[in-house]
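Chemist: Structure in structure tokens, see below.
Protein chains: 2
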Amino acid sequence: MSLAVVASRNDVPTIEIDSDRLLADMRALADFGKVGSGVHRRALGSVDMQARGWLADRMRAAGLAVEMDGVGNVIGRTPHARRILIGSHTDTVPNGGWLDGAMGVIYGLELARAFMAAGGGGEIGLEIVSFSDEEGCFAALLGSHSFVGEMDRDAMLDRVNEDGVRLADTLEAVGLADKAAARFDPAIHPAYLEAHIEQGPVLEAKGLPIGIVTTIVGVRGWKISFHGQADHAGTTPMAMRLDAGAALCDFAVRIAAFCRRESGTHTVWNGGDIRLIPGAHNVVPERADYIFSFRDPSAALLDRIAQEVERLSSVVAAEHGVTSEAGQIFAMAPAAMDETLMGLMRDAAEAEGAPSLDMPSGAGHDAMVLARHVPTGMLFIPSIAGRSHHVAEDSAPEDIVTGARVMARALTTLCRTIALP
Amino acid sequence: MSLAVVASRNDVPTIEIDSDRLLADMRALADFGKVGSGVHRRALGSVDMQARGWLADRMRAAGLAVEMDGVGNVIGRTPHARRILIGSHTDTVPNGGWLDGAMGVIYGLELARAFMAAGGGGEIGLEIVSFSDEEGCFAALLGSHSFVGEMDRDAMLDRVNEDGVRLADTLEAVGLADKAAARFDPAIHPAYLEAHIEQGPVLEAKGLPIGIVTTIVGVRGWKISFHGQADHAGTTPMAMRLDAGAALCDFAVRIAAFCRRESGTHTVWNGGDIRLIPGAHNVVPERADYIFSFRDPSAALLDRIAQEVERLSSVVAAEHGVTSEAGQIFAMAPAAMDETLMGLMRDAAEAEGAPSLDMPSGAGHDAMVLARHVPTGMLFIPSIAGRSHHVAEDSAPEDIVTGARVMARALTTLCRTIALP
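The following block contains the structure:
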């Protein structure tokens, strides 16, 4: 699928952002839930709701019609029947960074404001969305799942946040329980654009200000459990042990070697969670749990690694005289970005004198949900030291501004050339 | 050092145990802190103190002079100026087994009772000890360390148990604060004997009722920490990661291979405690802590493994681009048992028709503390399925009785032949 374009329409204004206003709004939003240089703004909590109220006010002041929907999505629409979606999210992880999703939402606010200030002409307008609970306080990507109609609302209402409070009770408390969910409509929304910090070190390392996302990589998480026998670590001869921990370490080394051998350019994997039971230095581990996750733009490569996880865990268990279970605990399919939108942003970057890199996104974003339904484009700017989901997260102000200018230029072209739904 | 013996003295009675009385006392003691088929009797707690009171009463009833000393050691003495020490401990780990140290103490009670009932003649008597806090509620082997004079009492008084209560306050509460510590005296005590369940599977696997302990193995515990960098597990290319967890698993596999290659017959090792920080599946581990312990009768072999732990942890860290620290966190030297006492018990087992196995003890015991000061002998009986430190711990009653008979026969010979101090 690639977005169709038509000849240029001359009634669409050139969108030119105001960089001071952009940065000022970004900093104003960061005051909600400020924690040192970072932000703690958990979805649908009181601070997050205040921030949503502030955002709604800013949207109204920009001339947008604003709705806060039944899951907390904040949506600002220009007065056009057809609208390009631009969004991201304003909630954060606990003690997170000030940019993360907030930058993409304020980009949207500034783009719509500039568009309206320039007359807002033409047949296509903009719809700016701050998706609710991208970070999974109740459920990851809650707002975008709801928006595209992939959410079972009744099942979702029983989900609880880290304080054990149900989503249903939370929505009731913040006055959203009786509101409808806003919905994506292909007859209204021809494209979705999202800007985000990279959250990784690649652009900084290469000295490039813009990343054009090619694919949001797919991810698989597997839990591998080895079951042995707890024995006294002094009195049990080595030949009589069934050591689940030794099996886990052996598996970890060998699955990493497989991935190294078989991986593509963008394959990554991680074994960040190891639990030994009982976990005492003087007891042979009777059980060892390992979470192994791996990501790649190619679903076929993810399949091949998953098969090896299953095969190798059995082989290693047998060699150690223990048993194993291996099962997938989470999975997201790779989401390809739209070639036309990639090209528009690549050209816009070049025109802004900002060299760009085509790159996959190793992290998930609302764009991966939208991409299943609508041509989607995504732009990255560099993260200082690649840090994110941390109060130290930051980007250079000039990179923030450059990203917004590239978005403005690409959006202007898109509004002038996109085939109307 | 080997114990000197003299020609047989005819005034020493033959010690013959009463197996029903032995088992009845063992079961009576197991009622203090009973948890299902096991026992929860933490040192110097109220249940442990009740058990100590019961033991003191049984010792008195056997004709012994009883003392409970300033750390809770319960000591029963026959009226002889020189006395062979027989002991173990009656405290347990949390939800432990009913035999563990209790069996060796009740063996001592029954042996002294039989000895006194048979006239208690001769120049050498018995001194039965239940050492306090062998299991380390406050400090492992507290009672035996105190008894041999290796304990800094003032430093020890500030130690706290799992409830955070200081030893000083505990001793005050149970009325022992002002009591003196009973002390080993080479002019009084020519030998120490301890019986214990094996706490391992070897005797059962070989179908042998008696183990003659040759050495209590030495143990070394090392903590190896790898320091890398926390990064997003999706957005950081593999080549830019500093993965402390991958280094740990690699080290664990390679140190085990070294031990397998270099080990002696009795070498054992364990990596039962792994901690990854932050321990999340989607974050590259920035730190990984590993506790690696190893045991062997030979201090030289322990030295060789320790050197390799240090060398290999640096090598592995460098290969993974991370840093490492490795340091010894605990160590106990191997303790050789006395050859003469081993021979006496071996001969006694043969005379009882009970085949025996010379074997090291992979677990620590009060005997390892006593062995630094006095010729020490230790006897094992089989543990069902090798289980210990668990409510399921058990031994066959006939094995318990056989062990006591072998001890009685060895002790009779010892009393008749030992050179008086």
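Chains as they are written, first to last, in the numbering used here: chain A, 42 to 462; chain H, 42 to 462.
C-beta atoms are modelled at their ideal positions from N, C-alpha and C, and glycine is treated no differently.
Using the beta-carbon count (16 or more within 10 Å), is residue 428 of chain A buried or exposed?
Modeler: Counting from 1 along the first sequence, the entry for residue 428 of chain A is found at position 387. Buried, since its Cβ has 16 or more Cβ neighbours within 10 Å.
Chemist: If you run the structure through DSSP and keep just helix, strand and coil, what is residue 391 of chain H?
Modeler: To locate residue 391 of chain H, count along the second sequence from 1; it is residue 350. Three-state DSSP puts residue 391 of chain H in a helix.
Chemist: Starting from residue 187 of chain H, trace the alpha helix (DSSP H) both ways and give me its first and last residue.
Modeler: On the second sequence, position 146 is the one that residue 187 of chain H refers to. Taken as a continuous stretch (DSSP letters only), the alpha helix (DSSP H) holding residue 187 of chain H covers 183-189.
Chemist: Is residue 444 of chain H helix, strand or coil when you go by DSSP?
Modeler: In the second sequence, the residue the question calls residue 444 of chain H occupies position 403. The answer is helix: DSSP assigns residue 444 of chain H an H, G or I state.
Chemist: Output, in sequence order along the chain, the residues in the segment 230-260 of chain H whose CB is closer than 8 Å to any CB in chain A.
Modeler: Cβ contacts with chain A: 239, 240, 241, 242, 243, 246, 258 and 260.
Chemist: Assign residue 87 of chain A to one of three DSSP states: helix, strand, or coil.
Modeler: Residue 87 of chain A sits at position 46 when you count from the first residue of the first sequence. Correct three-state label for residue 87 of chain A: helix.
Chemist: Once you ignore the five residues that flank residue 300 of chain H on each side, which residues in its own chain have a CB closer than 7 Å to its CB?
Modeler: The residue labelled residue 300 of chain H in the question sits at position 259 within the second sequence. For residue 300 of chain H, where only same-chain residues beyond five positions count, the Cβ hits under 7 Å are 308, 310, 335 and 346.
Chemist: According to DSSP, is residue 94 of chain H helix, strand or coil?
Modeler: Counting from 1 along the second sequence, the entry for residue 94 of chain H is found at position 53. Residue state, collapsed to three classes: helix.
Chemist: Does residue 334 of chain A come within less than 8 Å of chain H when only Cβ atoms are used?
Modeler: Start at 1 with the first residue of the first sequence, and residue 334 of chain A comes out as number 293. Judged by the 8 Å Cβ criterion, residue 334 of chain A is in contact with chain H.
Chemist: With distance defined between alpha-carbon atoms, name the residue in A/288, A/445, A/187 and A/179 nearest to residue 364 of chain A.
Modeler: The residue you call residue 364 of chain A lines up with position 323 of the first sequence. Selected option, being the one with the closest Cα: A/288.
Chemist: Suppose the cutoff is 7 Å on Cβ atoms and the five residues either side in sequence are ignored; what does the same chain contact list for residue 374 of chain H look like?
Modeler: Walking along the second sequence from the start, residue 374 of chain H turns up at place 333. Closer than 7 Å at the Cβ level, and outside the excluded window around residue 374 of chain H, lie 259 and 340.
Chemist: Using the three-state DSSP reduction, which class does residue 117 of chain A fall into: helix, strand or coil?
Modeler: Counting from 1 along the first sequence, the entry for residue 117 of chain A is found at position 76. Strand.
Chemist: How many Å lie between residue 210 of chain A and residue 110 of chain A at the Cα?
Modeler: Residue 210 of chain A sits at position 169 when you count from the first residue of the first sequence. Residue 110 of chain A sits at position 69 when you count from the first residue of the first sequence. Going from the Cα of residue 210 of chain A to the Cα of residue 110 of chain A covers about 16 Å.
Chemist: So if I threshold CB-CB distances at 7 Å, which residues from the segment 281-313 of chain H count as touching chain A?
Modeler: Listed by position along the chain: 281, 286, 287, 290, 291, 293, 294, 297, 309, 311, 312 and 313.
Chemist: Please report the straight-line C-alpha distance between residue 113 of chain H and residue 196 of chain H, rounded to a whole angstrom.
Modeler: Numbered from 1 along the second sequence, position 72 holds the residue referred to as residue 113 of chain H. Numbered from 1 along the second sequence, position 155 holds the residue referred to as residue 196 of chain H. Near 17 Å, if we compare the C-alpha coordinates of residue 196 of chain H and residue 113 of chain H.
Chemist: Per DSSP, which one or two residues make a beta bridge with residue 376 of chain A?
Modeler: Numbered from 1 along the first sequence, position 335 holds the residue referred to as residue 376 of chain A. DSSP output for residue 376 of chain A lists A/257 as bridge partner(s).
Chemist: For a contact defined as C-beta to C-beta under 8 Å, what are the partners of residue 323 of chain A on chain H?
Modeler: Position 282 of the first sequence holds residue 323 of chain A. Those are 311, 313 and 334, listed as they occur along chain H.
Chemist: On the premise that residue 283 of chain A lies in contact with residue 270 of chain A, defined as a C-beta separation below 8 Å, what is that separation, rounded to the nearest angstrom?
Modeler: Locating residue 270 of chain A in the first sequence gives position 229, counting from the first residue. Locating residue 283 of chain A in the first sequence gives position 242, counting from the first residue. With a Cβ gap of about 4 Å, residue 270 of chain A and residue 283 of chain A count as contacting.
Chemist: Under a three-way DSSP split, which group does residue 224 of chain H fall into?
Modeler: Numbered from its first residue, the second sequence carries residue 224 of chain H at position 183. Coil, per DSSP.
Chemist: Please name the residue or residues paired with residue 263 of chain H in a DSSP beta bridge.
Modeler: Your numbering for residue 263 of chain H matches position 222 in the second sequence. Paired residue(s): H/333 and H/369.
Chemist: Quick one: using the 10 Å Cβ neighbour count with 16 as the cut-off for buried, is residue 367 of chain H buried or exposed?
Modeler: As a position in the second sequence, residue 367 of chain H is number 326, starting the count at 1. Answer is buried; the Cβ neighbour count reaches 16.
Chemist: Specify, as a first and last residue, the run of the beta strand (DSSP E) that residue 237 of chain A falls within.
Modeler: Counted from its first residue, the first sequence places residue 237 of chain A at position 196. 233-238 is the span of the beta strand (DSSP E), which, as asked, contains residue 237 of chain A.
Chemist: Hey, is the segment 42-52 of chain H in contact with the segment 433-445 of chain H, meaning 3+ C-beta pairs nearer than 8 Å?
Modeler: Verdict: no, contact absent.
Chemist: Among the candidates A/384, A/122, A/432 and A/436, whose CA atom is the shortest distance from the CA of residue 416 of chain A?
Modeler: By 1-based counting over the first sequence, the position of residue 416 of chain A is 375. Closest option to residue 416 of chain A, Cα to Cα, is A/384.
Chemist: Relative to chain A, which residues along the segment 423-452 of chain H have a C-beta separation below 9 Å, given in chain order?
Modeler: Result list: 424, 427, 428, 429, 430 and 431.
Chemist: Nearest chain A C-beta to residue 140 of chain H closer than 8 Å, yes or no?
Modeler: Locating residue 140 of chain H in the second sequence gives position 99, where the first residue counts as 1. Answer no: the Cβ-Cβ gap between residue 140 of chain H and chain A never drops below 8 Å.
Chemist: Just verifying my parser: in three-state terms, what is the DSSP assignment at residue 361 of chain H?
Modeler: Looking up residue 361 of chain H in the second sequence gives position 320. It is helical.
Chemist: Using the beta-carbon count (16 or more within 10 Å), is residue 183 of chain H buried or exposed?
Modeler: Start at 1 with the first residue of the second sequence, and residue 183 of chain H comes out as number 142. Under this definition residue 183 of chain H is a buried residue.
Chemist: For residue 278 of chain A, decide whether its Cβ has a neighbour in chain H, counting only Cβ atoms nearer than 8 Å.
Modeler: Residue numbering aside, residue 278 of chain A sits at position 237 when the first sequence is read from its first letter. Answer yes: the Cβ-Cβ gap between residue 278 of chain A and chain H drops below 8 Å somewhere.
Chemist: Under a Cβ-count criterion, where at least 16 other Cβ atoms within 10 Å of its own Cβ denotes burial, should residue 71 of chain A be classed as buried or exposed?
Modeler: Position 30 of the first sequence holds residue 71 of chain A. Residue 71 of chain A comes out buried.
Chemist: Quick one: which chain A residues come within Cβ less than 8 Å of residue 273 of chain H?
Modeler: Residue numbering aside, residue 273 of chain H sits at position 232 when the second sequence is read from its first letter. Result: 240, 241, 403, 404, 427, 429 and 430.
Chemist: With three or more beta-carbon pairs closer than 8 Å as the criterion, would you say the segment 290-300 of chain H touches the segment 389-407 of chain H?
Modeler: Because the criterion of three Cβ pairs below 8 Å is not met, the segment 290-300 of chain H and the segment 389-407 of chain H do not touch.
Chemist: Note the first and the last residue of the continuous beta strand (DSSP E) segment covering residue 420 of chain A.
Modeler: Taking the first sequence and counting its residues from 1, one reaches residue 420 of chain A at position 379. It spans 417-422 - the beta strand (DSSP E) in which residue 420 of chain A sits, taken as one unbroken run.
Chemist: For residue 450 of chain H and residue 53 of chain H, what's the separation of their Cα atoms in angstroms?
Modeler: Here the question's residue 450 of chain H lines up with position 409 in the second sequence. Here the question's residue 53 of chain H lines up with position 12 in the second sequence. Spanning the two alpha carbons is a distance of roughly 12 Å.
Chemist: Our contact map puts residue 265 of chain H next to residue 185 of chain H with C-beta atoms below 8 Å; I'd like the distance itself, whole angstroms only.
Modeler: As a first step, residue 265 of chain H must be located in the second sequence, where it is residue number 224. As a first step, residue 185 of chain H must be located in the second sequence, where it is residue number 144. Wrong, their Cβ atoms sit about 31 Å apart, outside the cutoff.
Chemist: Where in the segment 265-325 of chain A do unbroken runs of the alpha helix (DSSP H), each at least 4 residues long, occur, reported from the N-terminal end onward?
Modeler: DSSP runs (the alpha helix (DSSP H)) wholly in the segment 265-325 of chain A: 285-303.
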